[in-house]
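Colleague: Numbering (the working numbering), first residue to last: 67 to 415.
Where a beta carbon is used, it is the ideal one built from N, C-alpha and C, also for glycine.
Computed from a predicted structure; not experimentally measured.
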């Protein structure tokens, strides 16, 4: 973390620890949309975020792309909160090139549980470090070893490369249980946003494989599930709540080849013909998120297919809250959904 990032992080922590009345005076009147009220911490973070122009990625401008990645990485370092101590080990995944970076988190009192995690970031941003503290908290609450997997990014590696990468990683991981300190673990897959899509696509594909162990559960944190959608929450929260409609369009432009049908189930899981046999799911959505409605609808489709689903909506939170662990509201939400995932893993062991 740079000196500027440390200063920003310290200032943010100071603001978030102010009394409620002081924070309310800073941010103004409550924001209410669609019958929901924005959480006070989130309103403060949104106000601060809107003071700076966003640095958007570009499929056609490498310098702009790299600048956007640097900005994303810097922001996550500022908002990640206090990093909790945990035993970690970096490793390489995939039985063939290109190999994929991975990071194993082993909590105290770890049980024979394995959570394989795919980070978000629009398939363009994110890496092991941007989601490091989140993975630590997931490991702490679930008592599972968490293996965070980094896949190749768009636009250099558009769809279907990330989908192929997560399958390659899974095929390798399940041959290395002893190396990971596991015996015959209960497995779950998880991810946020773009990573949530990758996790559930992987889970669906594995449900038809007879040569690989099938995950017992999946945790989908504000997943991207319906790429063509442009209505409902996409319009309600199109601007001003961190993830914007313009940002979503740019991410899709980077990830999905121009000629590709966006209704392909590996791009839009909501269009899968049959989700029967998919692992039990915890689907977490945020009330002030342009992706909220597609996450809700995907949870309903899983339920309609006979899948055991727990849908949890955090009405006052925004997209990306799982990275904003400097906020107690966001941390509470992460602990809630991690606890729900642990229960699903144990129930379906």
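#1: Can you have a look at residue 252 and say buried or exposed, based on whether 16 or more other CB atoms are within 10 angstroms of its CB?
#2: Ends of the beta strand (DSSP E) at residue 176?
#3: Let me know the beta strand (DSSP E) ranges lying completely inside the segment 333–408, each 3 residues or longer, listed in chain order.
#4: Compute the distance between the beta-carbons of residue 345 and residue 337, then report whether it is under 8 Å.
#5: Along the chain, where does the alpha helix (DSSP H) containing residue 130 start, and where does it finish?
#6: How far does the alpha helix (DSSP H) with residue 75 in it reach, from first residue to last?
#7: Locate the beta strand (DSSP E) running through residue 169, then write down its first and last residues.
#8: Ignoring anything shorter than 3 residues or poking outside the segment 180–223, list the beta strand (DSSP E) runs there in chain order.
#9: Using 8 Å as the cut-off, can you tell me whether the segment 163–170 makes contact with the segment 104–111, which would need three or more C-beta pairs spanning the two stretches below that distance?
#10: What is the C-beta distance between residue 230 and residue 210, in whole angstroms, given that I count them as a contact (C-beta under 8 Å)?
#11: For chain D, find out if any of its Cβ atoms is closer than 8 Å to the Cβ of residue 341; answer yes or no.
#12: Using beta-carbon positions only, say whether residue 373 and residue 347 come within less than 8 Å of one another.
#13: Does the Cβ-Cβ distance between residue 189 and residue 321 come in under 8 Å?
#14: Mind checking which residues open and close the alpha helix (DSSP H) that includes residue 158?
#15: Which of the three DSSP states is assigned to residue 422 in this structure?
#16: Quick check on the DSSP output: the alpha helix (DSSP H) that includes residue 255 runs from which residue to which?
#17: Counting only runs that start and end within the segment 269–317, where is the beta strand (DSSP E) found for 3 or more residues in a row?
#18: Measuring only the C-alpha atoms, how far is residue 222 from residue 316?
#19: Is it the case that the segment 268–279 contacts the segment 82–92, given that we only count it when at least three CB pairs across the two stretches are under 8 Å?
#20: So what does residue 98 bridge to, in DSSP terms?
#21: Take residue 156 as the anchor and find which of 146, 83 and 169 has the nearest alpha-carbon.
#22: With residue 241 as the anchor, note down where its alpha helix (DSSP H) starts and where it stops.
#23: Could you check the C-alpha separation between residue 82 and residue 402 for me, to the nearest Å?
#24: Go ahead and label residue 392 buried or exposed: buried means 16 or more other beta carbons lie within 10 angstroms of its beta carbon, across all protein chains shown.
#25: For the putative contact between residue 105 and residue 386, defined by C-beta atoms under 8 Å, what is the C-beta separation to the nearest angstrom?
#26: Give the C-beta separation of residue 216 and residue 200 to the nearest angstrom, bearing in mind that I take them to be a contact with Cβ-Cβ under 8 Å.
#27: Apart from the five residues on each side of it in sequence, which residues of its chain come closer than 7 Å, Cβ to Cβ, to residue 268?
#28: For residue 154, collect the residues of the same chain with a Cβ closer than 7 Å to its Cβ; drop the 5 residues on either side in sequence, then sort them by chain order.
#29: Going by CA-CA distance only, name the one from 329, 371, 358 and 130 that's closest to residue 342.
#30: Pick helix, strand or coil for residue 149, following the three-state DSSP scheme.
#31: Would you identify the three-state DSSP class for residue 325, choosing helix, strand or coil?
Modeller: Taking the geometry as given:
#1: Residue 252 sits at position 186 when you count from the first residue of the chain shown. Residue 252 should be labelled buried.
#2: Here residue 176 corresponds to residue number 110 of the chain shown, with the count starting at 1. From DSSP, residue 176 is part of no beta strand (DSSP E); its letter is neither H nor E.
#3: 346–354 and 375–384
#4: In the chain shown, the residue the question calls residue 345 occupies position 279. In the chain shown, the residue the question calls residue 337 occupies position 271. No.
#5: Walking along the chain shown from the start, residue 130 turns up at place 64. Segment 128–145, the alpha helix (DSSP H) holding residue 130.
#6: Reading the chain shown from its first residue, position 9 is the one you call residue 75. Residue 75 -> alpha helix (DSSP H) spans 69–82.
#7: The residue you call residue 169 lines up with position 103 of the chain shown. 166–172 is the extent of the beta strand (DSSP E) around residue 169.
#8: 211–215
#9: no
#10: Against the chain shown, residue 230 aligns to sequence position 164. Against the chain shown, residue 210 aligns to sequence position 144. Their Cβ separation, rounded to whole angstroms, is 25 Å, which puts residue 230 and residue 210 out of contact at 8 Å.
#11: The structure shown has no chain D; it contains just one protein chain.
#12: Locating residue 373 in the chain shown gives position 307, counting from the first residue. Locating residue 347 in the chain shown gives position 281, counting from the first residue. Taking 8 Å as the Cβ cut-off, residue 373 and residue 347 qualify as a contacting pair.
#13: The residue labelled residue 189 in the question sits at position 123 within the chain shown. The residue labelled residue 321 in the question sits at position 255 within the chain shown. In this structure, residue 189 places its C-beta atom within 8 Å of the C-beta atom of residue 321.
#14: Along the chain shown, read from residue 1 onward, the residue named residue 158 stands at position 92. For residue 158, there is no enclosing alpha helix (DSSP H); the residue is part of the beta strand (DSSP E) that begins and ends at 153–159.
#15: Residue numbering for the chain in the displayed model covers 67 to 415; residue 422 lies beyond these limits and cannot be assessed.
#16: Along the chain shown, read from residue 1 onward, the residue named residue 255 stands at position 189. Careful: residue 255 lies outside any alpha helix (DSSP H), inside the beta strand (DSSP E) at 252–258.
#17: Segments of the beta strand (DSSP E) lying fully in the segment 269–317: 283–287.
#18: As a position in the chain shown, residue 222 is number 156, starting the count at 1. As a position in the chain shown, residue 316 is number 250, starting the count at 1. Distance between the alpha carbons of residue 222 and residue 316: 14 Å.
#19: no
#20: Here residue 98 is taken as the residue at index 32 of the chain shown, counted from 1. Looking at the DSSP assignment, residue 98 forms a beta bridge with 103.
#21: For this step, residue 156 is matched to residue 90 along the chain shown. Nearest of 146, 83 and 169 to residue 156, Cα basis: 169.
#22: Within the chain shown, numbered from 1, the residue matching residue 241 stands at position 175. Neither: residue 241 is in no alpha helix (DSSP H) and is coded neither H nor E.
#23: Reading the chain shown from its first residue, position 16 is the one you call residue 82. Reading the chain shown from its first residue, position 336 is the one you call residue 402. Cα to Cα, the separation comes out at about 21 Å.
#24: Along the chain shown, one-based indexing puts residue 392 at 326. Buried, because 16 or more other Cβ atoms sit within 10 Å of the Cβ of residue 392.
#25: Mapped onto the chain shown, residue 105 falls at position 39. Mapped onto the chain shown, residue 386 falls at position 320. So it is not a contact: roughly 13 Å between Cβ atoms.
#26: For this step, residue 216 is matched to residue 150 along the chain shown. For this step, residue 200 is matched to residue 134 along the chain shown. In fact, because the Cβ distance is near 14 Å, the residues do not count as touching under 8 Å.
#27: One-based indexing of the chain shown puts residue 268 at position 202. Once the five neighbours on either side are set aside, the close Cβ partners of residue 268 are 232, 233, 236 and 255.
#28: Position 88 of the chain shown holds residue 154. Cβ neighbours of residue 154 beyond the five flanking positions: 169, 170 and 171.
#29: In the chain shown, residue 342 corresponds to position 276, counting from 1. Closest by alpha carbon: 371.
#30: Counting from 1 along the chain shown, the entry for residue 149 is found at position 83. In the structure shown, residue 149 sits in coil (DSSP, three-state: anything other than H, G, I, E or B).
#31: Within the chain shown, numbered from 1, the residue matching residue 325 stands at position 259. Residue 325: coil per DSSP, three-state reduction.
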